[in-house]
Structure formats: structure tokens, C-alpha cells
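>
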Amino acid sequence: MSDPFACAGDVRLKPGREASVVRRHPWVYRGALAGPVPGSMGPVRVVAAGGRPLGIGLPGGSGRSLALRMLAFGEEPWDAATLRGRLLAAARLRERLGLEADAFRLVHAEGDDLPGLVIDRYSTTAVCQVFERAWEPFLPLISDVLGGDLGLAGVLVRSGDTTGEAPAALRGSVPDGEVVVREEPLRFPVDLVRGQKTGFFLDQRENRRRVATVARGARLLNLFSYSGGFAVAALVGGAERALNVDASEAALALARRAYELNALPVRDADFVVGDAFRVARALVAAEERFDFVVVDPPAFVKRKSDIGAGLRGYKDINLHAIQLVRSGGLLLTCSCSALVDELQFGRVLADAAADARRRLSVLERRGAGPDHPVSVQCPESTHLKAWLCTVN
Ligand SMILES: C[S@@+](CC[C@H](N)C(=O)[O-])C[C@H]1O[C@@H](n2cnc3c(N)ncnc32)[C@H](O)[C@@H]1O
Numbered sequence: 002m003s004d005p006f007a008c009a010g011d012v013r014l015k016p017g018r019e020a021s022v023v024r025r026h027p028w029v030y031r032g033a034l035a036g037p038v039p040g041s042m043g044p045v046r047v048v049a050a051g052g053r054p055l056g057i058g059l060p061g062g063s064g065r066s067l068a069l070r071m072l073a074f075g076e077e078p079w080d081a082a083t084l085r086g087r088l089l090a091a092a093r094l095r096e097r098l099g100l101e102a103d104a105f106r107l108v109h110a111e112g113d114d115l116p117g118l119v120i121d122r123y124s125t126t127a128v129c130q131v132f133e134r135a136w137e138p139f140l141p142l143i144s145d146v147l148g149g150d151l152g153l154a155g156v157l158v159r160s161g162d163t164t165g166e167a168p169a170a171l172r173g174s175v176p177d178g179e180v181v182v183r184e185e186p187l188r189f190p191v192d193l194v195r196g197q198k199t200g201f202f203l204d205q206r207e208n209r210r211r212v213a214t215v216a217r218g219a220r221l222l223n224l225f226s227y228s229g230g231f232a233v234a235a236l237v238g239g240a241e242r243a244l245n246v247d248a249s250e251a252a253l254a255l256a257r258r259a260y261e262l263n264a265l266p267v268r269d270a271d272f273v274v275g276d277a278f279r280v281a282r283a284l285v286a287a288e289e290r291f292d293f294v295v296v297d298p299p300a301f302v303k304r305k306s307d308i309g310a311g312l313r314g315y316k317d318i319n320l321h322a323i324q325l326v327r328s329g330g331l332l333l334t335c336s337c338s339a340l341v342d343e344l345q346f347g348r349v350l351a352d353a354a355a356d357a358r359r360r361l362s363v364l365e366r367r368g369a370g371p372d373h374p375v376s377v378q379c380p381e382s383t384h385l386k387a388w389l390c391t392v393n
């Protein structure tokens with residue numbers, strides 16, 4: 002088998018285009034390259050126009066404009082020991098964080114110096130997700146570290162695009178039923194085969210915990226509920242009732258199961274399969290009010306061209322959500338679009354509040370938990386905004 006670490010050749014940058022790489026920004030855009038990327042999938046040496054070595058890059062293909070993701074900078078090595086060292090460092094970091102959960106993000110791509118690679122841990126199974134096909138030749142070594150050094154029983158791989166493709170087992174076998182994970186004191190069922198993302202929205206763990214602390218006695222509306230994480234956290238935290246809305250029947254089946262696992266009563270009326278926009282509009286028309294509304298839609302802006310329609314989507318759903326919060330109640334509103342920054346998100350909320358003729362105040366600007374580190378050199382890779390607000 003060929004050595005996956007062997008460099009396929011050199012890529013030269015255009016004059017004056019090396020500054021961001023020198024500052025350790027992990028992304029190199031096609032427009033910065035003086036010539037084509039050699040080879041097919043192997044790493045390449047990246048050099049400045051004058052010949053100065055800038056590091057080792059992995060060819061990209063996922064984003065139309067992203068040409069390389071930097072694996073090493075300057076003269077740093079990119080070899081099996083480096084890859085193993087970074088995986089183990091990522092695992093040690095999670096141990097130190099005291100997450101009180103057996104499901105967490107073990108490797109967060111750019112934030113763990115492994116750009117384009119995500120590894121989520123669900124109890125004794127790891128699920129790898131590669132956002133560049135060029136990671137594939139490294140998977141056997143990654144699987145050895147996860148199974149050997151970290152002692153995980155199963156290692157699965159899903160492609161970056163999780164629409165439909167079943168995961169493959171690199172170690173152990175693909176589970177044919179649910180895996181139950183704990184986020185103390187909660188339990189959640191995870192479908193590692195058909196579930197969304199790698200199976201669960203691990204990035205919302207600390208926000209679920211926060212919701213539990215402010216939900217006592219509340220009637221909660223959980224829009225875009227997936228497997229009911231926010232509702233379960235709120236109910237275990239003392240909420241009176243929660244209504245879950247999601248377009249996916251499979252997601253709501255998982256939500257019911259999550260209620261069972263946490264000894265919560267399962268009432269059919271609390272699980273509505275439907276379009277959250279329509280359901281929210283109907284609730285507004287029926288003059289319903291809730292003490293707490295959670296809005297956690299899928300990413301409406303996946304590429305730059307989505308921005309106009311995506312921002313309108315965020316405004317619409319937040320307008321309905323704000324209308325549904327009783328005066329003095331709470332709103333947790335989220336956006337997982339990395340291409341929508343805090344400033345834009347704030348403007349959308351201001352527009353929605355103005356249209357609803359309500360006062361909206363942000364109490365906490367929250368995001369993903371600490372198992373999702375973000376490199377300061379690459380703030381564009383920040384994805385989740387989860388703002389806890391009060392509505393008057
Ligand atoms: C970001 S996830 C929600 C994660 C969830 N809050 C959690 O903590 O696990 C977005 C969810 O929106 C659902 N969805 C997508 N479009 C929808 C729509 N138009 N109406 C209702 N749900 C939708 C998806 O099925 C998915 O479960």
C-alpha cells in the first residue's frame with residue numbers, strides 16, 4: 002500500500018498570497034494558487050512565490066473555492082507520529098474538560114489542527130466524518146489510534162454529506178439498533194446509521210444544560226426538535242410541558258424514545274410532525290403563548306449564494322417565535338450557519354422583534370461547547386450561535 006503521508010508535489014502561491022498561511026490560517030483558496038494542485042488526493046508541499054516553504058496542505062474539493070487545508074505549517078512534519086499525536090492530544094483535552102457525558106466531539110477539524118476531519122464519540126463507538134475525500138487514505142491509521150490507544154470498540158465512517166449514505170465500519174460492526182448515551186443526568190437514544198449529523202447534535206449539550214436551569218414550571222415550544230434534546234432537558238429541569246415540532250417522523254420517534262429513557266410521560270399531542278414555519282404560524286393565529294420557545298433550525302445558509310434567502314428564513318421563524326413568547330418569557334434562538342456571523346444574526350433578530358412589536362433582549366450569547374474548539378486564526382469556522390433572550 003502506498004504511503005498516505007508522501008507528498009504528491011509542490012503547489013506555489015501567487016506573489017503576496019502567503020500572509021494568511023504564515024499566520025497559520027488553515028485554508029488556501031484556489032485564487033491564491035499560481036498553478037494546479039498536483040496528484041489526486043495526496044498531501045502537497047505549499048511554497049510561497051519566492052520558494053519559501055509554507056507547510057503541507059491536503060487537497061480540498063468539497064468547497065468550490067477551497068483548494069487546500071493546511072496540515073502542517075513551515076517545516077513542521079506531517080507523518081504518522083504527528084497524526085497520532087494530534088488525535089491523542091484531542092482526546093486528552095476532552096478528558097480534562099470534565100464534560101460529564103459519554104458522547105462528545107473528540108476531534109473538531111480545524112479547531113484540533115485536523116482540518117476537514119470530525120470525530121464524534123458515542124460511548125464506545127467513534128464516528129468519523131470526512132469533509133475531504135483526501136482524508137480517506139488516513140482512516141486506517143486513525144482507526145488504529147481510536148481502537149488501539151483509546152480502546153474504542155467500534156469505529157465508523159460517514160461521508161461529510163450525511164444525506165442517506167450508510168456509515169461503514171472500520172473497526173467492530175455497524176450497530177443495528179440505537180446506542181444510548183448519557184449527558185448527565187440525561188439519557189438519549191442515538192441512531193448512528195440513519196441519524197442526522199453523526200447521530201446527535203453534540204454541539205448543543207451545554208445549551209441543553211442551560212435550558213434545564215431556567216425552565217422550571219415553563220410551557221416550552223421546541224421548534225426543530227430533532228430527538229427532543231431541549232424538551233427532555235427542560236422537563237427533567239422541572240418544565241411543566243413541552244411541545245416538539247420537527248419535519249422528520251424519524252426524529253420524533255427518537256424524541257419519544259428519549260422521553261421513555263428519561264422516565265417522562267409520552268403524550269401524542271406533544272410530538273408534531275410538520276413544517277415548523279407552518280406550525281408556528283398556526284399557533285400564532287390561535288393566539289397560543291409559551292413561557293419558553295426554542296428555535297434550532299437546520300443551516301439555512303450553506304453557501305454564500307444562500308445568504309439572502311437564508312436570512313429571510315431566520316427572520317421569518319424568529320418573528321413567529323417572538324410572537325409566541327409570553328411577555329417576560331424566554332427565547333433560545335440558534336443558527337448553525339457558519340456563513341451567518343453574530344452581527345448578521347443580531348440584525349435579523351432586531352428586524353424580527355421590530356416586526357413583532359416586541360422588546361427582545363439578549364441575556365447570553367452562547368455557542369457550541371468546549372469540545373468544539375475554534376482556532377483564532379479561523380473564526381470563519383465558528384458555526385453555532387445560540388442566544389438566550391427575554392421577550393417583552
Ligand atoms: C439543527 S437540527 C435540531 C437539533 C435539536 N434542536 C437538538 O438539539 O437535537 C434541525 C432539525 O430541523 C428539522 N427540520 C428541517 N427543516 C424543518 C422544517 N421546515 N420544519 C420542521 N423541522 C425541520 C430537521 O429534521 C432537524 O431535526
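Heads up, the sequence shown is in our numbering, so the first residue is 2 and it goes up one at a time. Glycine included, each C-beta is placed from N, C-alpha and C at the ideal position.
1) Going straight from the alpha carbon of residue 367 to that of residue 88, what length do you get?
2) I want to know whether the stretch 47-57 touches the stretch 131-138 - three or more CB-CB distances under 8 Å.
3) Rounded to the nearest angstrom, what separates residue 239 and residue 220 at their Cα positions?
4) Verify whether the separation of the beta carbon atoms of residue 283 and residue 222 is less than 9 Å.
5) Check the C-beta distance from residue 285 over to residue 325 and give it rounded, since I have them as a contact under 8 Å.
6) In whole angstroms, what separates the C-alpha of residue 66 from that of residue 31?
7) Flag residue 263 as yes when its Cβ comes closer than 8 Å to any non-hydrogen atom of ligand 1, and as no otherwise.
8) With ligand 1 as the reference, list in chain order each residue whose Cβ lies under 5 Å from any of its heavy atoms.
9) Are there 16 or more other CB atoms within 10 angstroms of the CB of residue 395, so buried, or fewer, so exposed?
10) Report yes or no: do three or more beta-carbon pairs, one from the stretch 50-59 and one from the stretch 88-103, lie closer than 8 Å?
11) Excluding sequence positions up to five away, which residues of its chain have a Cβ less than 6 Å from the Cβ of residue 173?
12) Thinking C-beta only, is residue 212 closer than 9 Å to residue 247?
13) Could you check what DSSP says for residue 260 in three-state terms: helix, strand or coil?
14) Look at the alpha carbon of residue 209 and the alpha carbon of residue 112, and state the distance between them as a whole number of angstroms.
15) Under 8 Å: does the beta carbon of residue 349 sit that close to some heavy atom of ligand 2?
16) Tell me where the beta strand (DSSP E) around residue 345 begins and ends.
17) Among 258, 117, 361, 385, which residue has its Cα nearest to the Cα of residue 188?
18) Can you list, in chain order, the stretches of the alpha helix (DSSP H) that have 4 or more residues and sit fully within the stretch 206-290?
19) Can you tell me whether DSSP reads residue 391 as helix, strand or coil?
20) Output yes or no for whether 9 Å exceeds the beta carbon distance between residue 190 and residue 255.
21) Do residue 34 and residue 68 count as a contact pair if the criterion is CB distance below 9 Å?
22) Drop a sphere of 10 angstroms on the beta-carbon of residue 102, count the other beta-carbons inside from all chains shown, and report buried for 16 or more, exposed for fewer.
23) So, do the stretch 375-390 and the stretch 333-347 have three or more beta carbon pairs nearer to each other than 8 Å?
24) Taking the CB atoms as reference points, tell me whether residue 376 and residue 106 lie closer together than 9 Å.
25) Does the separation of the CB atoms of residue 363 and residue 344 fall below 9 Å?
26) So, under 8 Å CB-CB, residue 114 and residue 370 are touching, yes? Tell me the CB distance rounded to an integer number of Å.
27) Please identify the residue among 392, 36, 83, 276 whose C-alpha is closest to the C-alpha of residue 357.
28) Measuring alpha carbon to alpha carbon, tell me which residue in 361, 40, 85, 16 is nearest residue 149.
29) Assess contact between the stretch 258-272 and the stretch 290-301, defined as three or more Cβ pairs (one per stretch) separated by less than 8 Å. Is contact present?
30) Between residue 390 and the rest of its own chain, which residues show a CB-CB distance below 8 Å, the 5 nearest in sequence each way excluded?
31) Please tell me whether residue 110 and residue 74 are closer than 9 Å, where the distance is taken between their beta carbons.
32) How close, in whole Å, do the beta carbons of residue 104 and residue 182 come, if the pair is a contact with beta carbons under 8 Å?
33) Nearest to residue 41 by CA position, among 19, 263, 7, 281, is which residue?
34) Could you pull the DSSP bridge partners for residue 383 from this structure?
35) Could you please give me the residues that DSSP links to residue 73 through a beta bridge?
36) Skipping 5 residues on each side, what residues in its chain have a beta carbon closer than 6 Å to that of residue 297?
For this structure:
1) Position 366 of the sequence shown, counted from the first residue, corresponds to residue 367. Position 87 of the sequence shown, counted from the first residue, corresponds to residue 88. Looking at the two C-alpha atoms, the distance is approximately 27 Å.
2) no
3) Your numbering for residue 239 matches position 238 in the sequence shown. Your numbering for residue 220 matches position 219 in the sequence shown. Residue 239 and residue 220: Cα-Cα distance of roughly 10 Å.
4) For the purposes of this step, residue 283 is taken as the residue at position 282 of the sequence shown. For the purposes of this step, residue 222 is taken as the residue at position 221 of the sequence shown. Cβ distance not < 9 Å, so residue 283 and residue 222 don't count as in contact.
5) Residue numbering aside, residue 285 sits at position 284 when the sequence shown is read from its first letter. Residue numbering aside, residue 325 sits at position 324 when the sequence shown is read from its first letter. Yes, residue 285 and residue 325 are in contact; Cβ-Cβ is about 6 Å, under 8 Å.
6) Locating residue 66 in the sequence shown gives position 65, where the first residue counts as 1. Locating residue 31 in the sequence shown gives position 30, where the first residue counts as 1. Looking at the two C-alpha atoms, the distance is approximately 6 Å.
7) Along the sequence shown, one-based indexing puts residue 263 at 262. No - ligand 1 has no heavy atom lying nearer than 8 Å to the Cβ of residue 263.
8) 202, 205, 225, 227, 230, 247, 248, 249, 252, 276, 277, 297, 299
9) Given a span of 2 to 393 for the chain in the structure shown, any question on residue 395 remains unanswerable.
10) no
11) Counted from its first residue, the sequence shown places residue 173 at position 172. Answer for residue 173: 154, 155, listed in chain order.
12) By one-based count along the sequence shown, residue 247 stands at place 246. By one-based count along the sequence shown, residue 212 stands at place 211. No. Outside cutoff.
13) As a working note, residue 260 is residue 259 in the sequence shown. When secondary structure is reduced to three states using DSSP, residue 260 falls in the helix class.
14) Numbered from 1 along the sequence shown, position 208 holds the residue referred to as residue 209. Numbered from 1 along the sequence shown, position 111 holds the residue referred to as residue 112. Rounded to whole angstroms, residue 209 to residue 112 spans 22 Å at the Cα level.
15) Absence of ligand 2 is noted for the structure shown, with ligand 1 being the only ligands found.
16) Working through the sequence shown from its first residue, we reach residue 345 at position 344. Here residue 345 belongs to no beta strand (DSSP E); instead the alpha helix (DSSP H) covers 343-357.
17) As a working note, residue 188 is residue 187 in the sequence shown. Ranking 258, 117, 361, 385 by Cα distance to residue 188 puts 258 first.
18) Runs found: 206-214, 230-237, 250-262, 277-286.
19) Within the sequence shown, the letter at position 390 stands for residue 391. Here residue 391 sits in strand by DSSP.
20) Against the sequence shown, residue 190 aligns to sequence position 189. Against the sequence shown, residue 255 aligns to sequence position 254. Cβ distance < 9 Å, so residue 190 and residue 255 count as in contact.
21) If you number the sequence shown from 1, residue 68 lands on position 67. If you number the sequence shown from 1, residue 34 lands on position 33. Their beta carbons are under 9 Å apart, which means residue 68 touches residue 34 by this criterion.
22) What you label residue 102 is simply residue 101 of the sequence shown in a count that begins at 1. Buried, since its Cβ has 16 or more Cβ neighbours within 10 Å.
23) The answer is yes - the stretch 333-347 touches the stretch 375-390, with three or more Cβ pairs under 8 Å.
24) By one-based count along the sequence shown, residue 376 stands at place 375. By one-based count along the sequence shown, residue 106 stands at place 105. For residue 376 and residue 106, no; Cβs fall outside 9 Å.
25) One-based indexing of the sequence shown puts residue 363 at position 362. One-based indexing of the sequence shown puts residue 344 at position 343. In this structure, residue 344 does not lie closer than 9 Å to residue 363 by Cβ.
26) Indexing the sequence shown from 1 puts residue 114 at position 113. Indexing the sequence shown from 1 puts residue 370 at position 369. Residue 370 and residue 114 do not touch by the CB rule: their CB atoms are close to 19 Å apart, not below 8 Å.
27) Counting from one through the sequence shown, the residue named residue 357 turns up at place 356. Checked all of 392, 36, 83, 276; the closest Cα to residue 357 is 392.
28) Here residue 149 refers to the residue found at position 148 when the sequence shown is read from its first residue. Out of 361, 40, 85, 16, 85 has the C-alpha closest to the C-alpha of residue 149.
29) no
30) Numbered from 1 along the sequence shown, position 389 holds the residue referred to as residue 390. Taken in chain order, the residues that qualify are 331, 332, 333, 334, 350, 361, 362, 363, 364.
31) Here the question's residue 110 lines up with position 109 in the sequence shown. Here the question's residue 74 lines up with position 73 in the sequence shown. At a Cβ-Cβ threshold of 9 Å, residue 110 and residue 74 do not count as neighbours.
32) Looking up residue 104 in the sequence shown gives position 103. Looking up residue 182 in the sequence shown gives position 181. Residue 182 and residue 104 do touch by the CB rule: their CB atoms are close to 4 Å apart, below 8 Å.
33) Reading the sequence shown from its first residue, position 40 is the one you call residue 41. The shortest C-alpha separation from residue 41 is found at 7.
34) Here residue 383 refers to the residue found at position 382 when the sequence shown is read from its first residue. The partner list for residue 383 (beta bridge, DSSP) is empty, contrary to what the question assumes.
35) Position 72 of the sequence shown, counting from 1, holds the residue named residue 73. The partner list for residue 73 (beta bridge, DSSP) reads 57.
36) Residue numbering aside, residue 297 sits at position 296 when the sequence shown is read from its first letter. Hits under 6 Å: 225, 335.
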